[in-house]
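To convert, note that position 290 of the sequence shown is 290 in the numbering used here; the numbers rise steadily by one, no gaps. Below is one structure, written out as structure tokens; comments come after it.
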Amino acid sequence: LPFCTLPVHALLHIADDIRHVGPVWCYWVFSVERFGGGLVPSVKNRLHPYTSLANRVRDVAQLCQIKLIYGLAHELNLSDERDMEQSGTHYDGYPQFVMVRPSCKTRIDPSLHRRIVAHLVTNYSTTTLNALEFVPNIITEWGKLKILDGGDLISSCSLGSQGSRRDKTFVKYILEVDQNRRHKNRQPDFVEQVFYGQVIHFITFQLPPTCPFAPTDLDCPGQPTTLVLAAIAPIKATSFDEFGMPSYTGLGPIEVVDVLTIQCVVGRVKDNRTWTIIERDAIIQTFNAAAAA
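In structure tokens, the structure reads:
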């Protein structure tokens, strides 16, 4: 039929294709289409478009060879990640992360202020009174966080621009949880546990050198310490699929964590009123295990 084009017909076989050859992103042609899209702007001569395309392909190939032969992959990196790395803001203690604009100075909401204090009390073995003394009322809020070395670009709900339809606010993060937290008479037994949630805020503020619980930098003693934190609304998991991915219908109360605990961006699929988390690494590991078996 005229309306049943090839892309429409292919939708009927997505489930079969996934079952036979794995996740769709393993064999889609978006990478080829993206490369082709980068060639189109190089056409400057309408009489000889193919000459312009050929010159562009040659230039890209030569640049790749120069990077490989002379070890200049970092210096000649013309990607958006390189631009973010240069224009973004780096903080000591967070070598794998760079904060990306927009940013602004803002007054902390009282509820968020309490959660920051709770984070400091839990992770820095201090008292509530000490934490209250050193948490400022004015902090810097950021719209995006970039994980370097090929990592994800994560947006916050409050400032991150959602120009595309892709939601980059949901993340996977890992926290150490005390298994004996409900038994006061037992020694703490911390184990790593995976969580998923939506980033509401990225915030930074400084602890002065006089702060008794601030992490100290042996290379720069007497300098203020900057903390980079994320306010995340964790999902309320209701079930798990065969890959261990959780499904949920709502989010829990906001908790504040250090951005060092954030691992990657995760996707979501909605089925009626239920959302299911999709994580690339988990699916790859499952298919690799199945292939090895």
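Each residue gets a CB set at the ideal place from its N, CA and C atoms; glycine is no exception.
**OP:** For chain D, find out if any of its Cβ atoms is closer than 8 Å to the Cβ of R280; answer yes or no.
**Re:** This model lacks chain D altogether; it includes just one protein chain.
Original post:
Per the contact definition of three or more C-beta pairs closer than 8 Å, is the stretch 185-200 in contact with the stretch 48-65?
Top reply: no
Original post:
Of all the alpha helix (DSSP H) runs that stay within the bounds of the stretch 85-130, which reach a length of 4 or more residues?
Top reply: Listed in chain order, they are 110-123.
**OP:** Might you give, ordered along the chain, the residues of its own chain that have their beta carbon closer than 7 Å to the beta carbon of E33, omitting 5 neighbours on each side?
**Re:** So no residue of the chain qualifies.
Subject >> D276, DSSP secondary structure in three states >> reply: The question names Asp, but residue 276 in the sequence shown is Thr. DSSP, read as helix, strand or coil, puts T276 in strand.
**OP:** With a 10 Å radius around its C-beta and 16 neighbouring C-beta atoms as the bar for buried, classify E300 as buried or exposed.
**Re:** The question about residue 300 has no answer here: the residues shown for the chain are numbered 1 through 293.
**OP:** Go to E33, then tell me how far its beta strand (DSSP E) extends in each direction, as first and last residue.
**Re:** From DSSP, E33 is part of no beta strand (DSSP E) but of the alpha helix (DSSP H) over 30-39.
Subject >> Whole-Å CB distance - F134 paired with P208, under 8 Å assumed >> reply: With 8 Å as the limit, F134 and P208 qualify as a contact, their Cβ atoms being about 7 Å apart.
Subject >> C-beta contact flag for H201 and A231 at 8 Å >> reply: yes
Subject >> Segment limits, alpha helix (DSSP H) that includes S254 >> reply: The displayed chain sequence assigns Ile, not Ser, to residue 254. No alpha helix (DSSP H) contains I254, which DSSP labels as neither H nor E.
**OP:** Using three-state DSSP, classify Y173 as helix, strand or coil.
**Re:** strand
Original post:
According to the Cβ coordinates, are V226 and D92 closer than 8 Å?
Top reply: Note that residue 226 is Thr in the sequence shown here, rather than Val. Yes, they are a contact pair.
Original post:
Just reading off the beta strand (DSSP E) that Y27 is part of, what are its end residues?
Top reply: That residue, Y27, is in no beta strand (DSSP E); it is neither H nor E in DSSP.
Subject >> CB of P95 within 8 Å of CB of F205, strictly >> reply: no
Subject >> Of the residues A214, D16, I235, H183, the one placed nearest Q198, counting alpha carbons only >> reply: I235
**OP:** Would you mind stating whether V259 and L120 have Cβ atoms separated by less than 8 Å?
**Re:** No, the Cβ-Cβ distance between V259 and L120 is not below 8 Å.
**OP:** Please go through the same chain and pick out, in chain order, the residues whose beta-carbon is closer than 8 Å to the beta-carbon of I254, but skip the five residues on each side of it.
**Re:** So the list reads S111, L112, R115, I200, A231, I232, A233, once near-sequence residues are dropped.
Subject >> Range covered by the beta strand (DSSP E) that runs through L207 >> reply: 190-207
Original post:
Does the separation of the CB atoms of D149 and C264 fall below 8 Å?
Top reply: no
Subject >> Chain-order list of residues whose beta-carbon lies under 6 Å from that of E81 (same chain, five-residue window excluded) >> reply: none
Original post:
Taking DSSP as the reference, what is the three-state secondary structure of Q187?
Top reply: DSSP, read as helix, strand or coil, puts Q187 in coil.
**OP:** Could you tell me the distance, in whole angstroms, from the CA atom of C143 to the CA atom of Q223?
**Re:** It should be noted that the sequence gives Gly, not Cys, for residue 143. Pairing G143 with Q223, the inter-Cα distance amounts to about 26 Å.
Subject >> Contact belief for L229 with V256 at Cβ below 8 Å, rounded distance in angstroms >> reply: 5 Å
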